[in-house]
Amino acid sequence: AQSVTQLGSHVSVSEGALVLLRCNYSSSVPPYLFWYVQYPNQGLQLLLKYTSAATLVKGINGFEAEFKKSETSFHLTKPSAHMSDAAEYFCAVSGYNQGGKLIFGQGTELSVKP
Amino acid sequence: ETGVTQTPRHLVMGMTNKKSLKCEQHLGHNAMYWYKQSAKKPLELMFVYNFKEQTENNSVPSRFSPECPNSSHLFLHLHTLQPEDSALYLCASTSGTRDTGELFFGEGSRLTVL
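Quick note, the sequences are listed as chains A and B, same order.
Residue numbers for the first sequence follow our numbering, so the first one is 1 and each next one is one higher.
Residue numbers for the second sequence follow our numbering, so the first one is 1 and each next one is one higher.
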C-alpha cells in the first residue's frame, strides 16, 4: 500500500525567502514520486518527478526536491520565493508500471507575501 | 488545440438531472483518467481507460458512468447525483498505463449539485 503525507496545509513565506514544502511517503515497493502545482481555476501541472535515477531532482520554475529513502521524504524547495509561486502544491506517489495511477497528498497552499 | 480540454468548465445540476462531462486530449496518448478533487481531501482516482478499455474502477458509485469511445475522448455521465458529489472533476492522460510518465491534466469541470 502507498500513502503520502504533506506536513502543513498552508505555508506562508516572504518574497525572496526559502520555500520548503514537506512530503513523506509510505510505499511497499520502490516509489516513484511527483510534485504537482495547481494555480487557481486550473488543472495540475507537473513540477518534477523522481523515478529512481538521481536523488536530487530539478524541476521547472527553479524548484527542486531530494529523495531521502532513510527518511521516506521528498521535500520540495526553492531558494527564493516569487509572488508567482503562490499556488497549491501536491505530492504524489506511484509504483513501477503504474502509469497515471497516483496517490496524492492533501496539498499545501503556498502564500507569498510582498 | 493542444493538451487536455474539458467541457463544461462549470456545471450546476439538480439531483434528478442527467448531464455529461467531456474530455478531449490532443497529445496522442493512449490512457485517460478521471480524478475527483473535493475540498480538503486528496485527489481521488475514479476511472482509468487504456486504449478505450476500462482498466480500473475505484469503487465509484454507479451514478457516475464513464465512456471512452476512442483514445482521445472520455466522458463522465452523471445521473441522480448527491450534494456530496459536488467537486472539481479532473481529466488526465498519459502515454500508457504501464509507464511512469507524467499525468497531463485538463483544467477541470467544477460541478455543483443542488
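We put the CB at the ideal spot given by N, CA and C, even for glycine.
CA-to-CA distance, residue j to residue i, given in whole angstroms
i: glycine 16 of chain A; j: alanine 54 of chain A; result: 27 Å
i: glutamine 6 of chain A; j: serine 12 of chain A; result: 15 Å
i: asparagine 57 of chain B; j: phenylalanine 47 of chain B; result: 5 Å
i: leucine 11 of chain B; j: alanine 87 of chain B; result: 10 Å
i: leucine 81 of chain B; j: asparagine 17 of chain B; result: 8 Å
i: valine 60 of chain B; j: leucine 20 of chain A; result: 35 Å
i: histidine 79 of chain B; j: glutamate 102 of chain B; result: 31 Å
i: arginine 9 of chain B; j: serine 93 of chain B; result: 18 Å
i: glycine 3 of chain B; j: glycine 96 of chain B; result: 16 Å
i: glutamate 64 of chain A; j: phenylalanine 90 of chain A; result: 14 Å
i: leucine 44 of chain A; j: phenylalanine 104 of chain B; result: 8 Å
i: threonine 7 of chain B; j: phenylalanine 75 of chain B; result: 10 Å
i: proline 69 of chain B; j: histidine 10 of chain A; result: 40 Å
i: serine 27 of chain A; j: serine 73 of chain A; result: 11 Å
i: tyrosine 49 of chain B; j: threonine 5 of chain B; result: 17 Å
i: leucine 114 of chain B; j: lysine 41 of chain B; result: 20 Å
Residue i: contacting residues in chain A (beta-carbon distance under 9 Å)
i: threonine 97 of chain B; result: Asn97, Gln98, Gly99, Gly100, Lys101
i: glycine 106 of chain B; result: Gly43
Interface partners of residue i on chain A, CB under 7 Å
i: alanine 92 of chain B; result: Gly100
i: alanine 31 of chain B; result: Gly99, Gly100
i: leucine 45 of chain B; result: Lys101
Anticipated Cβ contact below 8 Å, residue i with residue j, distance rounded
i: arginine 22 of chain A; j: histidine 75 of chain A; result: 5 Å
i: glycine 100 of chain A; j: tyrosine 33 of chain B; result: 5 Å
i: glutamate 88 of chain A; j: glutamate 109 of chain A; result: 5 Å
i: leucine 45 of chain B; j: tyrosine 35 of chain B; result: 6 Å
i: leucine 48 of chain A; j: glycine 59 of chain A; result: 3 Å
Contact list for residue i against chain A, beta-carbon separation under 8 Å
i: leucine 74 of chain B; result: Those within 8 Å of leucine 74 of chain B in chain A number zero; the least Cβ separation is about 12 Å.
Chain B contact residues for residue i, given Cβ-Cβ distances below 7 Å
i: tyrosine 32 of chain A; result: Thr100
i: tyrosine 14 of chain A; result: Contrary to the premise, residue 14 of chain A reads as serine rather than tyrosine in this sequence. Under the 7 Å cutoff, chain B gives no residues; its nearest Cβ is about 26 Å from serine 14 of chain A.
i: phenylalanine 104 of chain A; result: Pro42, Leu43
i: lysine 69 of chain A; result: The premise fails here: lysine 69 of chain A is roughly 17 Å from chain B at the closest Cβ pair, so nothing lies under 7 Å.
Residues of its chain near residue i, where Cβ-Cβ distance is below 7 Å and the 5 sequence neighbours each way are ignored
i: phenylalanine 51 of chain B; result: Asn30, Ser71
i: glycine 8 of chain A; result: Arg22, Thr108
i: tyrosine 89 of chain B; result: Leu21, Trp34, Lys36, Leu76, Gly108, Ser109, Leu111
Other residues of its chain near residue i: CB distance less than 8 Å, five sequence neighbours each side excluded
i: isoleucine 103 of chain A; result: Gln2, Ser3, Val4, Ala92, Val93, Ser94
i: tyrosine 32 of chain A; result: Lys49, Tyr50, Thr51, Ser52, Val93, Ser94, Gly95, Tyr96, Gln98
i: serine 111 of chain A; result: His10, Val11, Ser12, Val13, Ala86
i: glutamine 38 of chain A; result: Leu44, Gln45, Ala87, Glu88, Tyr89, Phe90, Gly107
Proximal residues to residue i (C-beta, below 6 Å), its chain only, five neighbours per side dropped
i: histidine 77 of chain B; result: Ser20, Ser65
i: proline 114 of chain A; result: Glu15
Near the ligand MN: residue i beta-carbon under 8 Å from a heavy atom
i: leucine 44 of chain A; result: By its list of ligands, the structure shown contains no ligand whatsoever, and the ligand MN lies outside what it can speak to.
Neighbouring residues, chain B, relative to residue i (Cβ below 8 Å)
i: serine 94 of chain A; result: Thr100
Where in the region 12-84 of chain B do unbroken runs of the beta strand (DSSP E), each at least 3 residues long, occur, reported from the N-terminal end onward? 18-25, 31-37, 44-50, 53-57, 64-70, 73-79
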